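Structure first, then comments.
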């Protein structure tokens, strides 16, 4: 009943680059980084502008990992 | 009443335009037949990056979110801002997971998360639990979209009941006819309107209110007693666990998975993980409308805090623009409501009807059952709102988030490993569910004076003295987070027992290769004949 052996392509599904994605998940959960009013930016206290800025870290990381792991990159 | 005529006319016209688009959507990327769940329920599995961005964005960032998150900041200050870290961390978190889910679903023709669990764990019990959890968690979410529309109608001083029934009848009709293509196409209009309204709001309103610092000053003054525009040691753990737990839960919801499975390739999903945070930015700005309402001295209608944003718009904008904004919120409710109804209908069809009632159902029969179920689901949501206190649907939605998290081991962990025994998964589900519901039951609601199901922040002091581990005596945590940890713990323990007792494993119908498979090529839309409707190929 065991499935027939299949050729494995470890790079496409389980790239080491995926570990980079831990960074933008952990940083926004570190309250001490942003739980303060100073410094202000455009009238926003740090609590608000810094958490919005974390979006950029998330986007940069997912974009980078996508470029490194997209299918087509290491196939054929 | 008379003061709102312009608003009502503009909102009605936009609503009718969108309804027309919904009916027309059946012809968009016209398939050879609509009588197949891949077509009606997943839009032909053919959506590219742009359509997926609008569809999933319109699906996840619902009208209720746009109304409730600012209401939360208005009422509770910084704690309500959890929606931002929540929607920032979710995309890197699910980046690789969703690509695997898409691949294995594409290979095997899975339509729902329960389809996957059925094939992967070999446990029909676990698949049924996932399906039922999904349906139960989704139903109040649909009802909540009506709460979003209701808030707008109240701000326009329209009697909500009659208008709600009309709106949902139209929605039900075009969803029935066009399936997932309707919300996909309407999402373009909805999101364009929302982006327009919010960009105008965040420039125009601070200008009218004297700048951002005035807005934050007003909030500081309101929450002075608790320094509530920042977190404190009593609510910071709630903030973190709620953001984390909500992010874990988001893509376990059936409607999120429907949006993901409708896309054309792995790359479409991965690209969207970078593009969807644009909505998170929007949500962060929308959240701050709550503080603008404080600065503008806006008063909600009656005790309904959710009316705060519509009333703010009504108060600050010229009538014609308020009409556009109200239409944006109302249309914003229709897109997720349609996708949720489709997702719930697909779960019923694939994992209850086909599994237990008619195992030899043809694809055409499946599509027919799904279409009718989607109607039933919508009628249920309307009845819910008309005859039951809307507050109840908010409580149920809270419970929904906690219970959908209990499918995490079977669905998300199942995508990576079969180490957890199928009986361990089932036991963990029951354990997490029981603990989660018991904790929610114990939380009183201070505002409504209900003794139970009053929120998702569980005071640790009910269990032990939080100061003994260095926490604030009033520290709270998110129920779902604790419940899913307990679920995992029980799943691991029962797995170890099953292994020791040599209990038989279920049969895995998937191959390791399935999880990294991509679309054969950029196939033209509609050409998806390579997918079999069966959940698994013969091995």
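Residue numbers (my numbering), protein chains in the order written: chain A, 1 to 76; chain B, 77 to 615. Every residue gets a Cβ at the ideal spot worked out from N, C-alpha and C, and that includes glycine. All figures in this text were calculated on a predicted structure; none of them were measured in a lab.
Contact between the stretch 376 to 393 of chain B and the stretch 152 to 164 of chain B is absent: fewer than three C-beta pairs spanning the two stretches fall below 8 angstroms. Where residue 367 of chain B is concerned, the enclosing alpha helix (DSSP H) starts and stops at 365 to 371.
Not a single C-beta of chain A is nearer than 8 angstroms to the C-beta of residue 339 of chain B. The beta carbon of residue 27 of chain A sits closer than 8 angstroms to those of 33, 54 and 57, all from its chain and outside the five residues before and after it, given in chain order.
Around the beta-carbon of residue 422 of chain B, 16 or more other beta-carbon atoms lie within 10 Å, marking it buried. For residue 348 of chain B, the secondary structure class from DSSP, reduced to helix, strand or coil, is helix. If you compare the alpha carbons of B:311, B:559 and B:504 with that of residue 153 of chain B, the shortest gap goes to B:311. The stretch 487 to 553 of chain B contains, as complete beta strand (DSSP E) runs of 3+ residues, the segments 533 to 535 (chain order). Proximity to residue 439 of chain B across B:80, B:86 and B:110 peaks at B:110, based on C-alpha coordinates. By the neighbour-count criterion, in which a residue is buried when 16 or more other Cβ atoms sit within 10 angstroms of its Cβ, residue 463 of chain B is exposed.
Inter-segment contact for the stretch 491 to 507 of chain B and the stretch 191 to 199 of chain B is present: three or more beta-carbon pairs are separated by less than 8 angstroms. Taken through DSSP and simplified to helix, strand or coil, residue 464 of chain B comes out as coil. Using a Cβ-Cβ distance cut-off of 8 angstroms, the stretch 104 to 119 of chain B and the stretch 272 to 281 of chain B are not in contact, since fewer than three pairs of beta carbons, one from each stretch, lie closer than that value. Taking C-beta separations shorter than 8 angstroms and ignoring five residues to either side along the sequence, the partners of residue 495 of chain B in its chain run 571, following chain order. Taken through DSSP and simplified to helix, strand or coil, residue 293 of chain B comes out as helix. Counting the other CB atoms within 10 Å of its CB gives residue 235 of chain B a total below 16, which places it among the exposed residues.
At least 8 angstroms separates the CB of residue 431 of chain B from every CB of chain A. Using a CB distance cut-off of 8 angstroms, residue 21 of chain A counts as an interface residue toward chain B. Close partners of residue 52 of chain A in chain B (Cβ separation under 7 angstroms): 160, 357 and 360.
For residue 324 of chain B, the closest Cβ of chain A is not nearer than 8 angstroms.
In the three-state scheme derived from DSSP, where H, G and I count as helix and E and B as strand, residue 54 of chain A is classed as helix. Residue 413 of chain B and residue 355 of chain B have their C-alpha atoms spaced approximately 18 angstroms apart. For the 8 angstroms CB-CB criterion, residue 180 of chain B and residue 586 of chain B form a contact. Taking a Cβ-Cβ threshold of 7 angstroms, the residues of chain A close to residue 288 of chain B are 42, 43 and 44, in chain order.
For the set B:348, B:232 and B:404, the Cα lying nearest the Cα of residue 263 of chain B is the one of B:404.
Against chain A, the CB of residue 183 of chain B has no partner CB under 8 angstroms away; the residue lies outside that interface. Note that the stretch 522 to 539 of chain B does not touch the stretch 454 to 463 of chain B; fewer than 3 beta-carbon pairs, one per stretch, sit closer than 8 angstroms.
No Cβ-Cβ contact shorter than 8 angstroms links residue 507 of chain B with residue 424 of chain B. It is roughly 21 angstroms from the alpha-carbon of residue 282 of chain B to the alpha-carbon of residue 300 of chain B.
Scanning B:360, B:295 and B:201 for the CA closest to the CA of residue 158 of chain B turns up B:360. Residue 305 of chain B: not part of any alpha helix (DSSP H); DSSP gives it neither H nor E. In the three-state DSSP reduction, residue 30 of chain A falls in the coil class, being neither helix nor strand.
Taking 8 angstroms as the CB threshold, residue 368 of chain B stays off the interface with chain A. For the stretch 309 to 322 of chain B, the residues whose beta carbon sits under 7 angstroms from a beta carbon of chain A are, in order, 312, 315, 316, 319 and 320. In the three-state DSSP reduction, residue 171 of chain B falls in the helix class (H, G or I).
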